Amino acid sequence: LRHFLTTEGLPRELLTEILDTADSFVDMSQQQVKKVPLLRGKTVANLFFENSTRTLSTFELAAKRLSADVLNLNINTSSTKKGETLKDTLMTLEAMHADMFVVRHADSGAAHFIAQHVTPNVAVINAGDGRHAHPTQAMLDMLTIRRHKGDFAPLTVAIVGDILHSRVARSQIHALRTLGAGEIRVIAPKTLLPRHIEALGVKVYTDMAMGLRDVDVIMMLRLQKERMQSALLPSESEFYKLYGLNRDKLAYAKPDAVVMHPGPINRGVEIESEVADGPRSLILDQVTNGIAVRMAVMSKAMGGQMAQRGELSQEEQ
Ligand code: CP
């Protein structure tokens, strides 16, 4: 693995290895992510052209736990605002010997474009491009599911909400299929479903009562207004009435069904606080799992032979 741009088409062995490696970074007795020297001497540049809380912070923490030097370029105060092109920005950072670019961009395909233009020793990780892909989010979601449910094969997983604009949903569907999830459903109003979504191997529902029946895992999604034309914005109250996850709708799923959401959540729009903060919610576990998963992806992209190079001594930490 050099670049990590999508979950689509990646082999099951690789996805499983990423999950196993992420698990290996966690000290189970202390529930802490260990600090390891795998990326010592490497420089990771975080280039976020779109806002982020979870992804940017956990990539930074993950890089630091791998002992890398981390450079967070503040795009809003950078020379891109003076007209510098993306390619020139990349070349400038390469001249500073950056070894890895972690990229979030509003344009679908931006991470692929960057991967095509970097020098051969630089790795590119996609931290979300337009409505296309968010592969590390999908992998941290897979880790969260595996930790709570074990095997993927018996699971029915429902992805609910704005599927049309969601890079998370696309990456989740590819990862779930590859890892062998029993059944994948999407539940959304027709206006928020991509055309031909069935071709991805999912069952489509427009009704929560039908779609959530006997489901093991519910993945809620935010209405991604930043990618919608304003004239087509759905009414939040209408959306909540039909698709917002509250206690009553959760009762359609299995009694031990878990609730997930990539965040940021909009309380009272796609999810009720009682559910988001309730005992079946894994939303904050997802955030925590993002650190170990991003460590696993970054160390693989740098060619790391994980778990073979040991841990830092006390002094090194
Ligand atoms: N899930 C996710 O990508 O969150 P952020 O936008 O806060 O990074």
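Under our numbering, think of the first position of the sequence shown as 560, with each following residue one higher.
Positions of the beta carbon are idealized from the N, C-alpha and C atoms, including for glycine.
Computed from a prediction, not measured in an experiment: that's the story for all the values here.
Exercise. Cα separation between asparagine 825 and methionine 857?
Worked result: Here residue 825 corresponds to residue number 266 of the sequence shown, with the count starting at 1. Here residue 857 corresponds to residue number 298 of the sequence shown, with the count starting at 1. Computed Cα separation, rounded: 30 Å.
For this session: Check whether the Cβ atoms of asparagine 605 and leucine 569 sit closer than 8 Å, and answer yes or no.
Result: Position 46 of the sequence shown, counting from 1, holds the residue named residue 605. Position 10 of the sequence shown, counting from 1, holds the residue named residue 569. No, the Cβ-Cβ distance between asparagine 605 and leucine 569 is not below 8 Å.
Exercise. What do you reckon, is the C-beta of leucine 615 under 7 Å from a heavy atom of the ligand CP?
Worked result: Position 56 of the sequence shown, counted from the start, is the residue given in the question as residue 615. Yes - the ligand CP has a heavy atom lying nearer than 7 Å to the Cβ of leucine 615.
Exercise. For serine 626, which of Val595, Phe660, Ile746 has the nearest alpha-carbon?
Worked result: Looking up residue 626 in the sequence shown gives position 67. The candidate whose alpha carbon is nearest that of serine 626 is Val595.
For this session: Consider the C-beta atom of serine 667 and the heavy atoms of the ligand CP; say whether any pair is separated by less than 7 Å.
Result: Here residue 667 refers to the residue found at position 108 of the sequence shown. No, the Cβ of serine 667 stays beyond 7 Å of every heavy atom of the ligand CP.
For this session: Under 7 Å Cβ to Cβ from arginine 772, same chain only, skipping five residues before and after it: list those, please.
Result: What you label residue 772 is simply residue 213 of the sequence shown in a count that begins at 1. So the list reads Tyr811, once near-sequence residues are dropped.
Exercise. Nearest to threonine 644 by alpha carbon, out of Phe672, His656, Phe618?
Worked result: Taking the first residue of the sequence shown as position 1, residue 644 is located at position 85. When each option's Cα is compared against that of threonine 644, the closest is Phe672.
For this session: Would you be able to state if there are at least three C-beta pairs under 8 Å between the region 802-822 and the region 699-714?
Result: Remark: three or more beta-carbon pairs, one from each stretch, lie closer than 8 Å, so the region 699-714 and the region 802-822 are flagged as touching.
Exercise. Less than 8 Å separating the beta-carbons of histidine 693 and serine 667?
Worked result: Counted from its first residue, the sequence shown places residue 693 at position 134. Counted from its first residue, the sequence shown places residue 667 at position 108. It is not a contact, given that the beta carbons lie outside the stated cut-off.
Exercise. Nearest CA to the CA of arginine 726: which residue from Val603, Tyr764, Ala665, Val683?
Worked result: Start at 1 with the first residue of the sequence shown, and residue 726 comes out as number 167. Nearest C-alpha to arginine 726: Ala665.
Exercise. CA-CA distance, histidine 755 and alanine 728?
Worked result: Numbered from its first residue, the sequence shown carries residue 755 at position 196. Numbered from its first residue, the sequence shown carries residue 728 at position 169. Their backbone Cα atoms lie some 14 Å apart in a straight line.
Exercise. For the putative contact between isoleucine 732 and isoleucine 746, defined by C-beta atoms under 8 Å, what is the C-beta separation to the nearest angstrom?
Worked result: Walking along the sequence shown from the start, residue 732 turns up at place 173. Walking along the sequence shown from the start, residue 746 turns up at place 187. The Cβ separation is near 13 Å, so there is no contact.
For this session: Report yes or no: do three or more beta-carbon pairs, one from the region 580-593 and one from the region 840-857, lie closer than 8 Å?
Result: Segments in contact, yes.
Exercise. What's the gap between the Cα of leucine 522 and the Cα of glycine 600?
Worked result: The question about residue 522 has no answer here: the residues shown for the chain are numbered 560 through 876.
Problem set entry | Sufficient close CB pairs (3 or more, under 8 Å) joining the region 771-787 to the region 716-725 | yes
Exercise. What is the rounded straight-line gap between the Cα of glutamate 572 and the Cα of leucine 735?
Worked result: By one-based count along the sequence shown, residue 572 stands at place 13. By one-based count along the sequence shown, residue 735 stands at place 176. The alpha-carbon atoms of glutamate 572 and leucine 735 are separated by roughly 13 Å.
For this session: Please state whether DSSP places tyrosine 884 in a helix, a strand or coil.
Result: Residue 884 is absent from the model: the chain starts at 560 and stops at 876.
Exercise. Where aspartate 815 and asparagine 848 are concerned, what is the direct C-alpha to C-alpha distance, given to the nearest angstrom?
Worked result: In the sequence shown, counting from the first residue as 1, residue 815 sits at position 256. In the sequence shown, counting from the first residue as 1, residue 848 sits at position 289. Roughly 21 Å separates the two Cα atoms.
Exercise. For leucine 759, which option in Gly709, Thr737, Thr750, Asp836 has the closest C-alpha, if you only look at C-alpha atoms?
Worked result: For this step, residue 759 is matched to residue 200 along the sequence shown. Answer by Cα proximity: Thr737.
Problem set entry | Length-filtered (4 minimum) alpha helix (DSSP H) runs lying within the region 664-694 | 669-676
For this session: Give the DSSP-derived three-state secondary structure of phenylalanine 563 in the structure shown.
Result: As a position in the sequence shown, residue 563 is number 4, starting the count at 1. Phenylalanine 563 falls in the strand class under three-state DSSP.
Exercise. Excluding the five sequence neighbours on either side, which residues of its own chain have a C-beta within less than 7 Å of the C-beta of isoleucine 830, listed in chain order?
Worked result: One-based indexing of the sequence shown puts residue 830 at position 271. Once the five neighbours on either side are set aside, the close Cβ partners of isoleucine 830 are Met779, Gly803, Leu804, His820, Ile824.
Exercise. Going by the beta-carbon positions, is the gap between threonine 602 and histidine 676 smaller than 8 Å?
Worked result: In the sequence shown, the residue the question calls residue 602 occupies position 43. In the sequence shown, the residue the question calls residue 676 occupies position 117. For the pair threonine 602 and histidine 676, the CB atoms are not nearer than the 8 Å cut-off.
For this session: Please name the residue, chosen from Val852, Ser794, Val662, that lies closest to leucine 574 on a Cα-to-Cα basis.
Result: In the sequence shown, the residue the question calls residue 574 occupies position 15. Closest by alpha carbon: Val852.
Exercise. Just curious, the beta strand (DSSP E) that asparagine 605 is in, first and last residue?
Worked result: Reading the sequence shown from its first residue, position 46 is the one you call residue 605. Element bounds for asparagine 605: 602-607.
For this session: Express the C-alpha separation of valine 828 and alanine 717 in angstroms, rounding to a whole number.
Result: One-based indexing of the sequence shown puts residue 717 at position 158. One-based indexing of the sequence shown puts residue 828 at position 269. For alanine 717 and valine 828, the distance between alpha carbons rounds to 18 Å.
Problem set entry | asparagine 631, DSSP secondary structure in three states | Walking along the sequence shown from the start, residue 631 turns up at place 72. Asparagine 631: strand per DSSP, three-state reduction.
Problem set entry | Option in Asp844, Met861, Gly862 with minimal Cα separation from glutamine 591 | To locate residue 591, count along the sequence shown from 1; it is residue 32. Considering only alpha carbons, the answer is Asp844.
Exercise. Roughly how many angstroms separate the alpha carbons of lysine 646 and threonine 565, rounded to a whole number?
Worked result: Numbered from 1 along the sequence shown, position 87 holds the residue referred to as residue 646. Numbered from 1 along the sequence shown, position 6 holds the residue referred to as residue 565. Taking the straight line from one Cα to the other gives about 21 Å.
Problem set entry | As assigned by DSSP and simplified to three states, the class of glutamine 591 | In the sequence shown, the residue the question calls residue 591 occupies position 32. Looking at glutamine 591 - three-state DSSP - the assignment turns out to be strand.
Exercise. Any heavy atom of the ligand CP closer than 7 Å to the CB of threonine 765?
Worked result: As a first step, residue 765 must be located in the sequence shown, where it is residue number 206. False, no ligand heavy atom lies under 7 Å from that Cβ.
Exercise. Taking only beta-carbon atoms, is glycine 862 less than 8 Å away from chain D?
Worked result: Protein chain content of the structure displayed is limited to a single chain, and chain D is not contained in it.
Problem set entry | 8 Å contact criterion, which valine 846 and arginine 613 should meet: CB distance rounded | Sequence index remark: in the sequence shown, residue 846 carries index 287 (1-based). Sequence index remark: in the sequence shown, residue 613 carries index 54 (1-based). Between arginine 613 and valine 846 the Cβ distance is about 6 Å, and since that is below 8 Å, they are a contact.
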